[in-house]
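Single-structure report; data block below.
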Amino acid sequence: MSAIIIAILVVATASSGAVFKPGDWYQSLRRPSWTPPNWAFPVVWSILFISIGVSGWMVWETEGMGVAMALWLLQLVFNAAWSWLFFGMRRMDLAFVDVCALFVTIIAYIAVASQVSATAALLFVPYAVWVATAATLNRAVWRLNPDAVPG
Numbered sequence: 006m007s008a009i010i011i012a013i014l015v016v017a018t019a020s021s022g023a024v025f026k027p028g029d030w031y032q033s034l035r036r037p038s039w040t041p042p043n044w045a046f047p048v049v050w051s052i053l054f055i056s057i058g059v060s061g062w063m064v065w066e067t068e069g070m071g072v073a074m075a076l077w078l079l080q081l082v083f084n085a086a087w088s089w090l091f092f093g094m095r096r097m098d099l100a101f102v103d104v105c106a107l108f109v110t111i112i113a114y115i116a117v118a119s120q121v122s123a124t125a126a127l128l129f130v131p132y133a134v135w136v137a138t139a140a141t142l143n144r145a146v147w148r149l150n151p152d153a154v155p156g
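Just so we're aligned, residue 6 is where the sequence shown starts under my numbering, counting upward by one.
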């Protein structure tokens, strides 16, 4: 039963990216030359969401509700909020704050989860790398398009 609940939470979080899509607005923005190709995002996120779910399930099964699980849930909130802030509200500035909070939460989760399950913690390392890249990209796009943020 816990695996099903974890899966529902992860799918709900992932659906934020399906609801708030890049669209024409994002395509019109200037982006750095190192921006990953559009096809990479759904591929990478699919793999990461599987890892996020497995990691959360492993922690839940080992420890139940504790600090690690609270951080796991918090990162889902920050993760879901990013697409809404960036693509939905077109607030690259607020999305940058959110993605930085997401990164800090991921790092905290890795540290705390490593005391519960080394594997669960390791499953979050690629996620941390991708989110650091996403934060850098978020900031670069914001800097390249300062007039695209609603005042």
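Ideal Cβ placement from N, Cα and C applies to all residues, glycine included.
The continuous stretches of alpha helix (DSSP H) do not include Asn-43, and DSSP gives it neither H nor E. Taking Asp-98 as the centre and dropping the five residues before and after it, the same chain places the C-beta of Trp-147, Val-154 closer than 8 Å to its C-beta, in chain order.
Per the C-alpha coordinates, the member of Ser-88, Gly-69, Trp-77 positioned closest to Val-15 is Trp-77. Counting only residues of its own chain and dropping the five nearest sequence neighbours on each side, Met-74 has a CB closer than 8 Å to the CB of Gly-61, Val-64, Trp-65, Glu-68. Within the same chain, Cβ atoms closer than 7 Å to the Cβ of Leu-90 are found at Arg-96, Leu-99, Ala-100, Asp-103, the five residues on either side in sequence being excluded. For Ser-88 against Phe-25, the beta-carbon gap comes to about 4 Å, under 8 Å, which counts as contact. The stretch 46–59 makes contact with the stretch 129–141, as at least three CB pairs between them are under 8 Å. Note on Thr-110: 16 or more other CB atoms within 10 angstroms of its CB, so buried under the neighbour-count rule. Using a Cβ distance threshold of 8 Å, Val-136 and Phe-92 do not count as a contacting pair.
A direct Cα-to-Cα measurement between Met-70 and Ala-106 gives close to 21 Å. The three-state reading of DSSP puts Trp-39 in coil, since its state is none of H, G, I, E or B.
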